[in-house]
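S.K.: Residue numbers (this note's numbering), protein chains in the order written: chain A, 144 to 721; chain B, 144 to 721. The beta carbon of each residue, even a glycine, is placed where N, CA and C say it ideally should be.
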């Protein structure tokens, strides 16, 4: 992983490939890599869809090695949704395969002069880029089928659906899973639109004959990895809850906590929650012959995913994640798992962020385009996006834009990115993360649900402002570091609660890189990433005024706890004052 | 003019009227009033369509008096288009009548709990507010007809069309002219959407039995006004060009200067310019029995407007202004005056900013929704806005949003507001104003075309960066003061060139207010207004990064002069460093 592949799509005689040493970026992985490159190379005031923006695709530092859980792929750019820096990461096979091919990053640059669509193929022999207009407007599923026919069933794909080609601000970059299905997505912030602006439909990765990446200290690495896996297995969240019910185990938990945003963030509990809970989903999957326990990439030991099959037992989609179930479920007043699974499939196929899409549908419902609870109407709205009708183009550009188009005031976005599945009034630590994250409203950026609701990594009263700043700050720092490692964020549960497991992670990193790292180094890495990102955003014109929730969260109280967001602006401004 | 009328649309038992002394706002008029109130009373981070925004309607300091040209009405709020402070002003009868009724401002506050639409009637006896859902979705013309039927043909109307009711970010506030036609508009920044969010369709003003406002020193006032009028009459622009051909006299001038934005700012000259020039327009109007010389309000001595009649001699619309002719003409590749007049009528009737609409159509044309030059398609696009279709809602929210929806990079906006009819590369002083104005891209905020192209108030080479900062700064200061006085901005030509005429204006103000003012007081007034506005914008999150043109103006060179915008960022940051 000592090379960077640059593809200049705007070169005079068509796309130009340049492979160069990692140079100043050596030793960086995942989000550390994408944010360093974007911060250093992308002019902060450039148009996100223009030739000066770059799409950076980077496996984590540990990706491609035998380290458990190291399969996250980071995708970074200036975001068409937020206008700030963006890193979205995904599971699936992409990171492992790309890392084994030796690339620490693929950087897509420039912009083609005409509207030709391209595909990229990378294997042990090098890189090939080919025009292929036959791929135009294919859904991710049909695309991957076509690619399989051409390149076989061992390759991994990094692709965009029609939403990316239409440069919609909620477009994702899809990554194929172990079954070569485009079910994993770098979802947030419109990274797929930037790939679309570069006119690359798919990057096909074939790591045949490429070795697993090996650690500098093989024995120490093995030992540390073993301890790490044991730590994950013994923690109740990663050892029991997530494998049994997937991320959707949270539906009942967050709903009971009164923080489940319902009817476009109107109330904190949904009457239909039990019907779409992880428990109900697992039961349905098992009854139909699907599976409730499945990994999204090789080397996963948590296996929080699953397989959702239809009534006839045929694969429909992967097990919808908690955020997806919420976005299309409770937030839209929908309590039908079959409908939610169908929407998950459509989102994956078109290449749309499920969180942004669900939040947008709820705003559209508030605007009167459909009734809350009407799942057929909701499905049709998503189909509009896939078709690229005028309405579809509105919706595909996210909740913020949809709110503007229809003159709606209650739009739950920060930095124009939709809030995920935790109401910031009832989970105030999440509110701090939503407000201050460099990414816009993003639960993964500092998952305060841990100490606010789950009692993981301590306890901080979710309904009060006290302690939330420190909680969010520490989580944001730790998360940035984890996002650089290639590790799945779900390791956080165990490393927050179990000092041994955290030490094992540090040991894995030390053994792999041949350095002698400490916990402090991990913290320093996290801080340096956030600093790069904050710096980019400041140069793009962001100020403390962008680190705020919409005003109505401070005015409208949320049932059942009847709380408003109480963390003061001056406190929010202290999150990065470490 | 010693009272402020506040209407709280969100009061518990329906709209509540409060009339109070001007208090701290005493002595302020027009933009000085609107920007003081917005800056002091509106929370900068509030939603522009929410209950915390306020719509401030203020006649100028001299409005309602016998001072020539004093008929401008200012409308201010937090803008739904830019997110910053907004003042848009309009000609027509509104300012004179409102001032004579004794109101220094109408402030619309709060937000109704249901969707009832209201009308407001103000006369010598007071203020009456009445629900009237029969007015819903009426065009401005049908609305004014209905109001005439009810209140007679002496009243003035301040109203919104369907675009305002639909809360579109390009919606205007219309003001009736001397013939009681809704032809004058506070056009920019979506002030009509804010009036729509307050659910007031029309404010009907009847100044029967109200006296003209009189000066403190009647004789000095009369004398100064006489000299002022003479000054206007002897200047070639205000004495000849504008009366003969209207504002559209500029088409040939700007086109010859190579600064006429054509095909969505792709080139600086339009082959069809002569066909849509002021000269051609005046000829057509006269040939059909319209008029090329007409005032928009009583007391106008320039009379730059006119009457556009159709082939059968029936009134179609007022003489389209230069910016309108350009926006729907050259910028869209359209060279047909009848089509342009039809679009002007539709814009006025729906209540849409003609500049924003034309710029948006050109962006839509770049997105492939219509061909450049296809005026039938352009007319249909505007009709979509009036109908409020999904496409219409996209377009009605302006060029910036339309560019986002269709993934278009070349969108000529600053602070999300469309640039008017001067390419900032070929008229670099206008570029400085576009970039730095508190209002977003706005030609009226500091009309550097004067010294850049017209040789008025000096000469500064339009194609070079040198001298543009100082030029724009001085004009922005002077303009803010003029916008406070109620004077039409077109007096600027004479006061810039003729020291006597400037002195006459100062004398008018002195005599009217009973103060002993100097030119320095006028400058101080201008600076204080800009300071209020900059302060609001800073608190709303604006930084120097918002004082920039889109990047492509620094990269794409403009024919025929093959120039790029060359004023440096560091220089732009000096505009308000006085």
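Nearest by alpha-carbon distance to residue 698/B: which of 184/A, 195/A and 165/A is it?
M.R.: For the residues 184/A, 195/A and 165/A, the minimum Cα distance to residue 698/B belongs to 195/A.
S.K.: Enumerate, from N- to C-terminal direction, the unbroken alpha helix (DSSP H) stretches of 4 or more residues contained entirely within the segment 310-384 of chain B.
M.R.: Complete alpha helix (DSSP H) runs here, min 4: 334-340 and 361-377.
S.K.: Using only alpha-carbon positions, find the residue among 190/A, 407/A, 355/A and 638/A that is nearest to residue 543/A.
M.R.: Residue 543/A has its Cα closest to that of 407/A, out of 190/A, 407/A, 355/A and 638/A.
S.K.: Identify whether residue 520/A lies in helix, strand or coil by the three-state DSSP scheme.
M.R.: Residue state, collapsed to three classes: helix.
S.K.: Can you give me the start and stop residues for the alpha helix (DSSP H) that residue 507/B sits inside?
M.R.: That run of the alpha helix (DSSP H) goes 497-509.
S.K.: Taking the alpha helix (DSSP H) that residue 544/A falls in, what are its first and last residues?
M.R.: 541-549 is the extent of the alpha helix (DSSP H) around residue 544/A.
S.K.: List the residues of chain B whose Cβ lies closer than 8 Å to the Cβ of residue 537/A, in chain order.
M.R.: Residues of chain B passing the Cβ test: 533, 536, 537 and 548.
S.K.: Using Cβ-Cβ distances below 8 Å, what residues of the segment 176-190 of chain B are close to chain A?
M.R.: Cβ contacts with chain A come from 186, 187, 188, 189 and 190.
S.K.: Along the segment 190-212 of chain A, where does the CB come closer than 8 Å to a CB of chain B? Name the residues.
M.R.: Answer set for the segment 190-212 of chain A: 190, 192, 193 and 195.
S.K.: Return the bridge partner residues of residue 220/A from the DSSP annotation.
M.R.: Partner(s): 229/A.
S.K.: Bridge partners for residue 146/A per DSSP, in chain order?
M.R.: According to DSSP, which records beta bridges pairwise, residue 146/A is partnered with 164/A and 246/A.
S.K.: Assuming residue 502/A and residue 513/A are in contact, meaning their beta carbons sit under 8 Å apart, how far apart are those beta carbons, in whole angstroms?
M.R.: Not confirmed; about 14 Å, so no contact.
S.K.: Looking at the unbroken alpha helix (DSSP H) that takes in residue 533/A, where does it start and where does it end?
M.R.: Run containing residue 533/A: 533-538, per the alpha helix (DSSP H) assignment.
S.K.: So what does DSSP say about residue 262/B, is it helix, strand or coil?
M.R.: The answer is strand: DSSP assigns residue 262/B an E or B state.
S.K.: Rank 569/A, 336/A and 175/A by C-alpha distance to the C-alpha of residue 223/A and give the top, closest one.
M.R.: Nearest of 569/A, 336/A and 175/A to residue 223/A, Cα basis: 336/A.
S.K.: Considering only the beta carbon of each residue, do residue 645/A and residue 652/A sit closer than 9 Å?
M.R.: It is not a contact, given that the beta carbons lie outside the stated cut-off.
S.K.: Is the number of C-beta pairs between the segment 224-239 of chain A and the segment 320-335 of chain A that are closer than 8 Å three or more?
M.R.: Yes: at least three Cβ pairs fall under 8 Å.
S.K.: Could you tell me the alpha carbon to alpha carbon distance between residue 499/A and residue 587/B, rounded to whole angstroms?
M.R.: Their backbone Cα atoms lie some 39 Å apart in a straight line.
S.K.: To the nearest angstrom, how far is it from the Cα of residue 393/B to the Cα of residue 556/A?
M.R.: C-alpha separation (whole angstroms): 44 Å.
S.K.: Interface residues of chain A around residue 676/B at Cβ under 7 Å?
M.R.: In chain order: nothing, as chain A lies at least about 16 Å away.
S.K.: What is the DSSP secondary structure of residue 434/A, reduced to helix, strand or coil?
M.R.: Note: residue 434/A maps to strand in three-state DSSP.
S.K.: Just reading off the alpha helix (DSSP H) that residue 415/B is part of, what are its end residues?
M.R.: Per DSSP, residue 415/B belongs to no alpha helix (DSSP H) and is neither H nor E.
S.K.: Using 9 Å as the limit for Cβ to Cβ distance, is residue 151/B near chain A?
M.R.: So no, residue 151/B is outside the interface.
S.K.: Just to check my reading of the structure: residue 460/B and residue 491/B have Cβ atoms closer than 8 Å, yes? What is that Cβ distance to the nearest angstrom?
M.R.: 6 Å between Cβ atoms; contact.
S.K.: Applying the criterion that 16 or more other CB atoms from any shown protein chain within 10 Å of the CB defines a buried residue, is residue 675/B buried or exposed?
M.R.: It is buried - the Cβ of residue 675/B has at least 16 other Cβ atoms within 10 Å.
S.K.: Tell me whether the segment 626-640 of chain A and the segment 380-392 of chain A touch, counting them as touching only if at least three CB pairs, one residue from each stretch, are closer than 8 Å.
M.R.: Segments in contact, yes.
S.K.: Is the CB-CB distance between residue 171/A and residue 627/A below 9 Å?
M.R.: Yes, these two residues count as a Cβ contact at 9 Å.
S.K.: Would you mind telling me which residues of chain A sit closer than 7 Å to residue 310/B, beta carbon to beta carbon, in chain order?
M.R.: What residue 310/B touches in chain A: 550.
S.K.: Take the Cβ of residue 713/A as the centre, count every other Cβ of all protein chains shown within 10 Å, and call the residue buried at 16 or more, exposed below.
M.R.: Exposed, by the Cβ-count rule.
S.K.: Would you check if there are 3 or more beta carbon pairs closer than 8 Å linking the segment 240-247 of chain A to the segment 280-289 of chain A?
M.R.: Output reads no: the segment 280-289 of chain A does not touch the segment 240-247 of chain A.
S.K.: Under the three-state reduction of DSSP, which class applies to residue 638/A: helix, strand or coil?
M.R.: Looking at residue 638/A - three-state DSSP - the assignment turns out to be helix.
S.K.: On the criterion of 16 or more Cβ atoms from any shown chain inside 10 Å, does residue 486/A qualify as buried, or is it exposed?
M.R.: Looking at its Cβ environment, which holds 16 or more other Cβ atoms inside 10 Å, residue 486/A is buried.
S.K.: Taking the Cβ atom as the reference point for each residue, do residue 206/B and residue 516/B lie within a distance shorter than 9 Å?
M.R.: No, they are not a contact pair.
S.K.: I want to know whether the segment 602-616 of chain B touches the segment 569-579 of chain B - three or more CB-CB distances under 8 Å.
M.R.: Segments in contact, yes.
S.K.: Please report the straight-line C-alpha distance between residue 659/B and residue 360/B, rounded to a whole angstrom.
M.R.: The straight-line gap from Cα to Cα measures roughly 11 Å.
S.K.: Report buried or exposed for residue 355/A, applying the criterion of at least 16 other Cβ atoms within 10 angstroms of its Cβ.
M.R.: By the neighbour-count rule (16 or more Cβ atoms within 10 Å), residue 355/A is not buried but exposed.
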